[in-house]
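Heads up: the sequence lines are chains P and R, in that order. Each step along the first sequence adds one to the number in the numbering used here, with nothing skipped, and position 2 is 86. Each step along the second sequence adds one to the number in the numbering used here, with nothing skipped, and position 15 is 99. For every residue, glycine included, the Cβ atom is placed at its ideal position computed from N, Cα and C. Working notes, structure below.
Protein chains: 2
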Amino acid sequence: MDLIIFGYFATFFSAVSFLPQAIKTIKTRDVSGLSLLTYICLFLASLSWFTYGVVLNDIPLMATNFLTTFFQSIILFLIISERNKADN
Amino acid sequence: MDLIIFGYFATFFSAVSFLPQAIKTIKTRDVSGLSLLTYICLFLASLSWFTYGVVLNDIPLMATNFLTTFFQSIILFLIISERNKADN
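Here it is in structure tokens:
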């Protein structure tokens, strides 16, 4: 068994993981249970991984983190905008 | 400037990102806005990255994903247990 399959599994699940959360948050606007600090860290992590992928010219690293950065930026935007609404 | 610094940033933010979410969810038990499917994918991703780290004998990959798997398993457990409570 080629053990590199774990790398493919990991890449696949990482790439798609934030799509259901983004869809759910767009639909429900329910951000009360979401940690803003977690999404700031995740966004910075994905952006750093993406930049690291550009530095290494590593296409899978760039592609995966382009997707996660995109989904996380939607969730982050909704957390901030819904909390601002709630404050006004 | 040594561009590998983006890799260190990425590793650091990835490792700590789920700690605030775990603390928040333990304290508030507010899981209504959290996507179960996202946390299943994240858990499978971290577990696969950890296993890939073991295969490659890559200590940073193992350490980072040991932490994320641990934090995510707490959040996943709380999502499932709080929803089961709500159903009963």
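Beta-carbon proximity check, residue i vs residue j, cutoff 8 Å
| i | j | result |
| --- | --- | --- |
| R/T109 | R/L131 | no |
| P/Y136 | R/G91 | yes |
| R/I163 | R/L121 | no |
Where residue i sits in the DSSP three-state scheme
| i | result |
| --- | --- |
| R/R113 | coil |
| R/D86 | coil |
| P/L121 | helix |
| P/S98 | helix |
Contact with chain P by residue i, beta-carbon distance below 8 Å
| i | result |
| --- | --- |
| R/L151 | no |
8 Å Cβ cutoff, residue i in contact with chain R
| i | result |
| --- | --- |
| P/D114 | yes |
| P/L132 | Correcting the residue identity first, residue 132 of chain P is Ser in this sequence and not Leu. True, the Cβ-Cβ gap to chain R drops below 8 Å. |
| P/F154 | no |
| P/P104 | yes |
Nearest candidate by alpha-carbon position, reference residue i, set the options
| i | options | result |
| --- | --- | --- |
| P/F97 | R/I124, R/F155 and R/P144 | R/I124 |
| P/S101 | R/L87, R/A129 and R/V100 | R/A129 |
| P/F93 | R/D142, R/L126, R/L160 and R/T95 | R/L126 |
| R/L160 | R/P104, R/V115 and R/I89 | R/V115 |
Alpha helix (DSSP H) segment containing residue i, residue limits
| i | result |
| --- | --- |
| R/T157 | Per the sequence shown, residue 157 of chain R should be read as Ser rather than Thr. Where R/S157 is concerned, the enclosing alpha helix (DSSP H) stretches over I143 to D171. |
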